[in-house]
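If you're matching them up, the sequences are chains L and V in order.
Counting in the numbering used here, the first sequence runs from 8 upward without gaps.
Counting in the numbering used here, the second sequence runs from 74 upward without gaps.
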Amino acid sequence: METTTRSSATRDGLGVGIAVGLSGVAFGAAAVTAGLSVAQACALSLFAFTGASQFALVGVVAGGGNLVAGTAGAMLLGARNSLYGLRMAGVLDIRGWRRPLTAQGVIDETTAVALAQPDQESSRTAFLVTFVSLYLTWNATTLLGALGTSWVADPAVFGLDAVGPATFLAILWPRLTGSGPEARALRLIAGCGAVIALAATPFTPPGVPVLLASVAVLAVILRRPR
Amino acid sequence: MTLWWAIVATCAACYALKLAGLSAPRRILDHPGVQRFATLVPVALLAALIAVQTFGHGQALHLDWPRTAGMGAAVLALLLRAPFLVVLAAAAVVTAALRHLLN
């Protein structure tokens with residue numbers, strides 16, 4: 008039984024890691040088109056390793072915008088990883104020299120796949136497999152996209168831009184479709200989170216809408232103290 | 074050279090943000106309110122990401138038909154209890170096919 012859940016954690020992790028990682032092509036191509044060198048594009052994927060922030064900085068460079076504002080925008084998008092870290096600290100329970108290495112992997116996809124698992128052991132497996140496969144694929148495809156902006160196809164042609172949101176939907180689904188007060192609370196949080204983010208999108212810089220969605224949690228916690 | 078500084082600052086800040094959450098003191102993590110918040114907050118953030126990545130385009134909201142249909146296919150696959158990777162494939166294939174047809 009345990010082997011089954013762990014191998015399904017491995018399969019899910021590899022699927023998400025490779026499918027989402029392929030979008031590194033789009034990042035590499037966008038970065039070089041914006042005026043970054045190949046080394047600069049690769050440095051961002053290796054060391055920042057959080058797609059939304061990377062795209063934000065490159066977008067500002069492409070538009071000839073202020074680099075300080077670009078860095079600030081990337082930070083706003085990266086701030087949600089701190090919130091994921093609060094959750095993953097308990098799941099991963101990692102100390103010592105492994106923690107600084109593990110921290111690099113705390114992003115949307117790894118958190119999502121880890122939290123979709125039924126037990127802690129397979130959550131850890133899922134985190135690790137998603138992290139490693141996504142890190143390798145993302146960095147390899149960043150290099151490919153940066154080197155071959157002209158001949159690399161746009162990932163949107165393959166529908167890869169739908170893989171991210173579909174991943175998050177598939178992971179939330181079982182938790183939202185259950186019955187009972189917990190599932191009702193989660194549906195409320197998810198619904199409010201989505202509405203808040205969409206409502207805030209036209210009025211706030213990128214990154215802020217998703218952070219604001221966390222207010223939905225506070226509303227539910229304060230309404231039902233526990 | 075200034076671009077390199079922006080890149081170094083972005084890398085350092087993004088990494089520090091990840092490490093900060095993971096290294097929060099035990100005392101804070103063990104607080105029941107923080108635990109409840111930390112357990113629930115990924116649900117709000119992931120739901121927000123689904124909405125923004127499906128309907129957002131920079132700071133504008135817009136309906137990308139192929140992508141929306143791809144998400145519809147994902148919902149259908151979930152209703153049919155398809156395995157996880159089939160759900161992702163359904164979203165990508167429908168999005169790609171419609172994009173190909175509409176172009």
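Quick reminder that beta carbons are idealized off the backbone N, C-alpha and C, glycines included.
Discussion item. Quick test of the definition: if touching needs 3 or more C-beta pairs under 8 Å, does the region 159-169 of chain L touch the region 128-143 of chain L?
Written reply: no
Worksheet item: By Cβ distance, which residues of its chain are closer than 7 Å to V:M144, with the 5 residues on each side in sequence left out?
Response: T127 and A164
Practice prompt. Note down, in chain order, each residue of its chain lying with its Cβ closer than 6 Å to the Cβ of L:A123, except the 5 sequence neighbours on either side.
Written response: I178
Fill in: CB contact check: V:R172 to chain L, cutoff 8 Å
yes
Discussion item. So that I know if they touch, is there some Cβ in chain L lying closer than 8 Å to that of V:W77?
Written reply: yes
Practice prompt. Pull up the distance between the alpha-carbon of V:V148 and that of L:I196, whole angstroms please.
Written response: 19 Å
Discussion item. Using only the alpha-carbon positions, how far apart do V:V160 and V:T75 sit?
Written reply: 43 Å
Worksheet item: Does V:L113 come within less than 8 Å of chain L when only Cβ atoms are used?
Response: yes
Worksheet item: Would you say the region 89-108 of chain L touches the region 95-107 of chain V, given that touching needs at least three Cβ pairs under 8 Å?
Response: yes
Discussion item. Quick check on L:M8: buried or exposed, where buried means 16 or more other Cβ atoms within 10 Å of its Cβ?
Written reply: With a pLDDT of 47 at L:M8, under the threshold of 50, the modelled position of that residue is not reliable, and the figure given next carries that caveat. The residue in question, L:M8, is exposed, as its Cβ has fewer than 16 Cβ neighbours within 10 Å.
Fill in: Neighbourhood of L:T148 by C-beta distance below 7 Å, restricted to the same chain and skipping five residues each side
G28, L29, G31, V32 and G35
Worksheet item: Just checking my contact of L:L64 with L:G85 at CB under 8 Å: how many whole Å lie between their CB atoms?
Response: Not quite, the Cβ-Cβ distance comes to about 10 Å (not below 8 Å), so this is no contact.
Worksheet item: So what does DSSP say about L:L29, is it helix, strand or coil?
Response: coil
Worksheet item: Going by other Cβ atoms of all chains shown within 10 Å of its Cβ, with 16 needed for buried, is V:T83 buried or exposed?
Response: buried
Worksheet item: Would V:W138 be called buried (16 or more neighbouring beta carbons within 10 Å of its own) or exposed?
Response: exposed
Worksheet item: Where does L:V113 land, buried or exposed, given buried means 16+ other C-beta within 10 angstroms?
Response: buried
Practice prompt. From the DSSP output, in three-state form, read off V:A133 for me.
Written response: strand
Fill in: Spatially closest choice to L:R131 from L:T118, L:L193, L:L141 and L:A201, by CA coordinates
L:T118
Worksheet item: Mind pulling the chain V residues with CB within less than 9 Å of L:R106?
Response: L92, L95 and S96
Discussion item. Could you tell me the alpha carbon to alpha carbon distance between L:T17 and L:L176, rounded to whole angstroms?
Written reply: 19 Å
Practice prompt. Compare the C-beta of L:F62 with all C-beta atoms of chain V and state if any pair is closer than 8 Å.
Written response: no
Fill in: Exposure of L:E128, with buried meaning 16 or more beta-carbon neighbours within 10 Å
exposed
Worksheet item: Where are the alpha helix (DSSP H) runs, 4 residues long or more, that stay fully inside the region 88-145 of chain L, in chain order?
Response: 105-110 and 115-122
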